[in-house]
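Going by the working numbering, the letters in the sequence shown line up with residues 2 to 87, in that order. The beta-carbon is built from N, C-alpha and C at its ideal position, and this holds for glycine as well.
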Amino acid sequence: MRIGRVVGNMVSVIHDPCHDGHKFLLVRFLDREGSPLEEGVFADSANAGIGDLVLVSEDGGAAELVFELENKVCVFDGLIVGVVDE
Numbered sequence: 002m003r004i005g006r007v008v009g010n011m012v013s014v015i016h017d018p019c020h021d022g023h024k025f026l027l028v029r030f031l032d033r034e035g036s037p038l039e040e041g042v043f044a045d046s047a048n049a050g051i052g053d054l055v056l057v058s059e060d061g062g063a064a065e066l067v068f069e070l071e072n073k074v075c076v077f078d079g080l081i082v083g084v085v086d087e
């Protein structure tokens with residue numbers, strides 16, 4: 002798990018149908034001092050928004066559990082699993 006800040010939304014006109022109904026956000030990861038590192042696009046399961054500090058699971062299997070995709074072939078690289086309050 003890693004901590005990052007949501008810096009934008011991802012919109013796609015053409016995508017896999019299994020991603021219908023899921024919100025994707027652009028997350029910029031932070032180091033221990035809070036300096037920005039690389040960015041990535043992740044599915045949101047925590048109702049996060051731009052500017053939120055979030056906890057990201059980079060295990061694609063987490064999305065299968067959270068979104069209940071047991072019988073579907075759907076690929077997620079990671080998942081926003083929580084919003085950090087403080």
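Between V55 and the set G83, G9, P37 and D17, the nearest pair of CA atoms involves G83. Taking a C-beta distance under 7 Å as the contact criterion, H16 and A44 do not qualify as a contact pair. When the five nearest sequence neighbours on each side are left out, the beta carbons in the same chain lying within less than 6 Å of the beta carbon of R29 are those of G5, R6, V8, P37 and E40, in order along the chain. A44 has F25 and L80 as its beta-bridge partners, per DSSP. L27 is the residue among L31, L27 and M2 whose C-alpha sits nearest the C-alpha of M11.
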